[in-house]
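Number of protein chains: 2
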Amino acid sequence: MVCVATRKQRAERRADALSKDRIVEVAIEILDTEGESALTFRALTARLDTGAGAIYWHVANKSELLAAATDDVLGSAMARVRGDGDPRRTIRAIALGVFDAIDAHPWVGAQLSREPWQPAMLPVLEGIGTQLAALGASERAQFDSASALLSYLLGLAGQYAAAARLPRDTDRSAFLAAVATQWEQLDSARYPFVHRFATRLRGHDDREQFLAGVDLILAGIAG
Amino acid sequence: MVCVATRKQRAERRADALSKDRIVEVAIEILDTEGESALTFRALTARLDTGAGAIYWHVANKSELLAAATDDVLGSAMARVRGDGDPRRTIRAIALGVFDAIDAHPWVGAQLSREPWQPAMLPVLEGIGTQLAALGASERAQFDSASALLSYLLGLAGQYAAAARLPRDTDRSAFLAAVATQWEQLDSARYPFVHRFATRLRGHDDREQFLAGVDLILAGIAG
DNA sequence: ACCTGAACACCGTTCAAGT
DNA sequence: ACCTGAACACCGTTCAAGT
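So the protein sequences, as listed, match chains A and B.
Residues in the first sequence are numbered consecutively from 6, following our numbering.
Residues in the second sequence are numbered consecutively from 6, following our numbering.
Okay, here's the thing in C-alpha cells:
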C-alpha cells in the first residue's frame, strides 16, 4: 500500500488517460482469463481503477464493448488469412480462421450468435463472397452459399459458447463426453441414431468435424 | 377489486394448484406475446398470482423453465412432421418444422442457440439421422451431415432470435432492410460483395433462403 | 407437501458533482 | 473534456415461516 494518508475526499483524476482501446483491451483480458460471465462493469472499473461513468464516457454500453472486443479478435484473425489462388481452399482458410478464433476465445462465439450482423462479420462475409464469385458461381448461388456458410459458422459459434459457459474445470471435450454418456442412456429403441451419434461424439475431432461441414456445403455449390 | 377486507395477514394458500405444466404454459404465453426479455420471475409470479418460491418448488431455475418451454414448442412441431418415404424430402420437412417453430416463437431460437444440446433437439437429430441412414450414406457421412445440418439450424436460430430482440415495432424484414441500408453505405471498393449481398438481402424470402441452404448441404451428401 | 413474500447478492446504467 | 462514485431500477435465487 503506497498511499498512506487517509483518503476522505474523492480520489483525484487518474494520470494515465483512459481510452476505448484500453478498455477493450482489458475487457478481452477478463473475457479470456475468467470467461464471459466475469466481464462486468464492476470488474472493469476495479481493473482500470476508475468509476463506471468513465467507461461510459468512452463506450456506449456493454453491447458496444463486446462488439468492439469481437471486432478486435476476429479482425486480426481475418487479417492473418492468406488466399492461395484456389477459391475453395481460401474459403476453408477463412472458415478455419473464424473457427480458431472462437476456439481460442469462446466468448467471441457467444457474441456472434447473439448479434450475428455485427461489423466483425463483414470481412468474413466479404472474403467468402469474393471466393464464391471467383469460383464462377451464379449471383444467386453466391448469395445462397454465403448465407449457408455464415449460418453454419454462427451455429458452430453458439455451440462453442455454450460449452464455455459451463463450470470452468470442464473443458469442451469433457463436456461432449458428458453429453454422449447422457445420450447413450436414452431408450435405444426410440433414439437409435442418437445412440450411434453419441458414440462418435466421444472420439471426434472438433476441427476436423467443422471442416467436414464446410466441405459439405462447398461440395453442393454448382460451378 | 373483489376482496375488500384489509389484508394485513399473509394471503392464504391458492386454491387451484400450481404445476410445472401450468408454469410452462404461462411462460410460453409471456414469451410469445411480450418477448424474451419480458419473462422474469416477477412477471410469472404476478401472472400466476403466487410467490417466487412457489415457482422454484416446481422448477429448478430459469434455464430449466426455458428448456421445458422449448421442448414443448419444438416437440409438438416435430410431432406434426410427416415423412413421405423420400429421405431428402423428409429432411427438408423436419428442417422446415424447426424453421417454422422458430419463426413463430423467436425465443425458441434464442434458447436453442444458447443451449444447443438440450432434450428438445433430440427428436430433430434422430429424425435427420434416420433419413440420412435411409439415404444410404456411410456412418461417417451420416455423422458429418447430421452435425452440419444441426449447426446450420442452430445458426439460423440465433439469427432469428437476434432480430426478435430488437424494439418490438421492428419486424424481421424491416430489420434486414436496415442492415441492408447500412451495408450499402460501406465503402464499395473495400466491400464489393457485401454491397451485392445487401441488395439481395432486401428482397429475399427467409423461408426460401433457408431451404436453399438445406438443399446445399443435402446436395453435398454422397449417396 | 406446497406455498408466501421479504431479503440477498448481484447486474447495467445514469447522473450530479468534481477537476 | 473527462472522470468519480453513489444511486437507481432492475434481475434470479434463497429461505424462514406459514398452511
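Think of the CB as a built atom: it goes at the ideal place given N, C-alpha and C, for glycine as much as any other residue.
Problem - CB of B:A203 within 7 Å of CB of B:A185, strictly - result: Numbered from its first residue, the second sequence carries residue 203 of chain B at position 198. Numbered from its first residue, the second sequence carries residue 185 of chain B at position 180. Result yes, Cβ atoms of B:A203 and B:A185 sit closer than 7 Å.
Handout entry: A:A115 beta carbon less than 7 Å from that of A:E30
Key = Within the first sequence, residue 30 of chain A is the residue found at index 25, counting from 1. Within the first sequence, residue 115 of chain A is the residue found at index 110, counting from 1. No, the Cβ-Cβ distance between A:E30 and A:A115 is not below 7 Å.
Practice task
For the alpha helix (DSSP H) holding B:E213, just list the boundary residues, first then last.
Solution key: On the second sequence, position 208 is the one that residue 213 of chain B refers to. Element bounds for B:E213: 211 to 225.
Practice task
Could you confirm whether any beta carbon from chain A is found closer than 7 Å to the beta carbon of B:G134?
Solution key: Looking up residue 134 of chain B in the second sequence gives position 129. Cβ-Cβ to chain A under 7 Å: yes for B:G134.
Exercise for the section: Kindly confirm or deny that the segment 133 to 153 of chain A and the segment 141 to 156 of chain B touch, where touching means at least three C-beta pairs closer than 8 Å. Expected result: no
Problem - As assigned by DSSP and simplified to three states, the class of B:G102 - result: To locate residue 102 of chain B, count along the second sequence from 1; it is residue 97. In this structure, B:G102 counts as helix in the three-state DSSP scheme.
Exercise for the section: Please go through the same chain and pick out, in chain order, the residues whose beta-carbon is closer than 7 Å to the beta-carbon of B:A182, but skip the five residues on each side of it. Expected result: What you label residue 182 of chain B is simply residue 177 of the second sequence in a count that begins at 1. So the qualifying residues of the chain are R207.
Problem - Of the residues B:K67, B:V103, B:M126, B:L140, the one placed nearest B:P92, counting alpha carbons only - result: The count along the second sequence starts at 1 and reaches residue 92 of chain B at position 87. Comparing Cα-Cα distances from B:P92 to each of B:K67, B:V103, B:M126, B:L140, the minimum goes to B:L140.
Exercise for the section: For B:Y196, return the contacting residues in chain A, with the cut-off set at a CB-CB distance below 8 Å. Expected result: Taking the second sequence and counting its residues from 1, the one referred to as residue 196 of chain B is at position 191. Going along chain A in sequence order, the residues near B:Y196 (Cβ under 8 Å) are L127, E131.
Problem - DSSP state of A:D77 mapped onto helix, strand, coil - result: Position 72 of the first sequence, counted from the first residue, corresponds to residue 77 of chain A. Reduced to three states, the DSSP call for A:D77 is helix.
Handout entry: Through-space distance from B:S118 to A:A169, alpha-carbon basis
Key = Locating residue 169 of chain A in the first sequence gives position 164, counting from the first residue. Locating residue 118 of chain B in the second sequence gives position 113, counting from the first residue. Distance between the alpha carbons of A:A169 and B:S118: 13 Å.
Problem - Which listed residue (B:D174, B:E131, B:Q214) has its alpha carbon closest to that of B:M83 - result: Within the second sequence, numbered from 1, the residue matching residue 83 of chain B stands at position 78. The residue with the shortest Cα to Cα distance from B:M83 is B:E131.
Practice task
Answer with yes or no whether the minimum CB distance from B:S118 to chain A is below 7 Å.
Solution key: The residue labelled residue 118 of chain B in the question sits at position 113 within the second sequence. Yes - at least one Cβ of chain A is within 7 Å of the one on B:S118.
Exercise for the section: Could you tell me whether the Cβ of A:Y157 comes closer than 7 Å to any Cβ of chain B? Expected result: What you label residue 157 of chain A is simply residue 152 of the first sequence in a count that begins at 1. Cβ-Cβ to chain B under 7 Å: yes for A:Y157.
Exercise for the section: Please report how far the alpha carbon of A:A125 lies from the alpha carbon of B:T175, in whole angstroms. Expected result: Here residue 125 of chain A is taken as the residue at index 120 of the first sequence, counted from 1. Here residue 175 of chain B is taken as the residue at index 170 of the second sequence, counted from 1. Spanning the two alpha carbons is a distance of roughly 23 Å.
Practice task
Could you tell me the boundaries of the alpha helix (DSSP H) in which A:V184 lies?
Solution key: Sequence index remark: in the first sequence, residue 184 of chain A carries index 179 (1-based). Taken as a continuous stretch (DSSP letters only), the alpha helix (DSSP H) holding A:V184 covers 177 to 189.
Problem - Contact set for A:R177: own chain, Cβ-Cβ below 6 Å, skip 5 residues either direction - result: The sequence position of residue 177 of chain A within the first sequence is 172, counting from 1. A168.
Practice task
Check whether the Cβ atoms of A:L53 and A:L44 lie closer than 7 Å to each other.
Solution key: The sequence position of residue 53 of chain A within the first sequence is 48, counting from 1. The sequence position of residue 44 of chain A within the first sequence is 39, counting from 1. Going by C-beta atoms, A:L53 is not nearer than 7 Å to A:L44.
Exercise for the section: Would you verify that the beta carbon of A:A48 is, or is not, closer than 7 Å to some beta carbon of chain B? Expected result: Indexing the first sequence from 1 puts residue 48 of chain A at position 43. Output row for A:A48: interface = no.
Practice task
Can you tell me which of B:E213, B:A100, B:H209 puts its alpha carbon nearest to the alpha carbon of B:L159?
Solution key: Start at 1 with the first residue of the second sequence, and residue 159 of chain B comes out as number 154. Considering only alpha carbons, the answer is B:A100.
Exercise for the section: Spell out whether any CB of chain A is found under 7 Å from the CB atom of B:R12. Expected result: Within the second sequence, residue 12 of chain B is the residue found at index 7, counting from 1. Only weak support exists for where B:R12 lies, its pLDDT of 33 falling under 50; the value from the coordinates is given anyway. False, the Cβ-Cβ gap to chain A never drops below 7 Å.
Exercise for the section: Mind listing the chain A neighbours of B:D149? Cutoff is C-beta to C-beta under 9 Å, in chain order. Expected result: Translated into the one-based positions of the second sequence, residue 149 of chain B becomes position 144. The answer, in chain order, is Q214, A217, G218, D220, L221.
Practice task
Specify the secondary structure class of A:Q147 as computed by DSSP and reduced to three states.
Solution key: The residue labelled residue 147 of chain A in the question sits at position 142 within the first sequence. Reduced to three states, the DSSP call for A:Q147 is helix.
Exercise for the section: Give a yes or no on whether the C-beta atoms belonging to B:I222 and B:A162 are separated by under 7 Å. Expected result: Within the second sequence, the letter at position 217 stands for residue 222 of chain B. Within the second sequence, the letter at position 157 stands for residue 162 of chain B. Cβ distance not < 7 Å, so B:I222 and B:A162 don't count as in contact.
Practice task
Measure from the C-beta of A:Q164 to each C-beta in chain B and report whether the shortest distance is under 7 Å.
Solution key: As a working note, residue 164 of chain A is residue 159 in the first sequence. Yes, because at least one Cβ of chain B sits closer than 7 Å to the Cβ of A:Q164.
Practice task
Please classify B:T38: is it buried, with 16 or more other beta-carbons within 10 angstroms of its beta-carbon, or exposed?
Solution key: Mapped onto the second sequence, residue 38 of chain B falls at position 33. Flag for B:T38 reads exposed.
Handout entry: Nearest-angstrom beta carbon gap, B:L70 and B:V78 [assumed within contact, 8 Å]
Key = The sequence position of residue 78 of chain B within the second sequence is 73, counting from 1. The sequence position of residue 70 of chain B within the second sequence is 65, counting from 1. About 13 Å separates the two Cβ atoms, so there is no contact after all.
Handout entry: Short CB-CB distance (under 7 Å) between B:L140 and chain A
Key = The sequence position of residue 140 of chain B within the second sequence is 135, counting from 1. Chain A, which has no Cβ nearer than 7 Å to the Cβ of B:L140, makes this no.
Handout entry: Beta carbon proximity, A:S152 to chain B, threshold 7 Å
Key = Within the first sequence, the letter at position 147 stands for residue 152 of chain A. Taking Cβ atoms only, chain B reaches closer than 7 Å to A:S152, which makes this a yes.
Practice task
Under 9 Å between beta-carbons, which chain B residues line up against A:R173? List them in chain order, please.
Solution key: The residue labelled residue 173 of chain A in the question sits at position 168 within the first sequence. Per Cβ cutoff of 9 Å: no residues; A:R173 is ~18 Å from chain B at best.
Practice task
Give a yes or no on whether the C-beta atoms belonging to A:I33 and A:A74 are separated by under 7 Å.
Solution key: Residue numbering aside, residue 33 of chain A sits at position 28 when the first sequence is read from its first letter. Residue numbering aside, residue 74 of chain A sits at position 69 when the first sequence is read from its first letter. In contact: A:I33 and A:A74 (Cβ atoms closer than 7 Å).
Exercise for the section: Counting only the same chain and skipping the five closest in sequence on each side, list residues whose C-beta sits under 7 Å from that of B:F215. Expected result: Translated into positions along the second sequence, residue 215 of chain B becomes position 210. Around B:F215: F104, L161.
Practice task
Give the range of the alpha helix (DSSP H) segment to which B:W62 is assigned.
Solution key: As a working note, residue 62 of chain B is residue 57 in the second sequence. Taken as a continuous stretch (DSSP letters only), the alpha helix (DSSP H) holding B:W62 covers 57 to 63.
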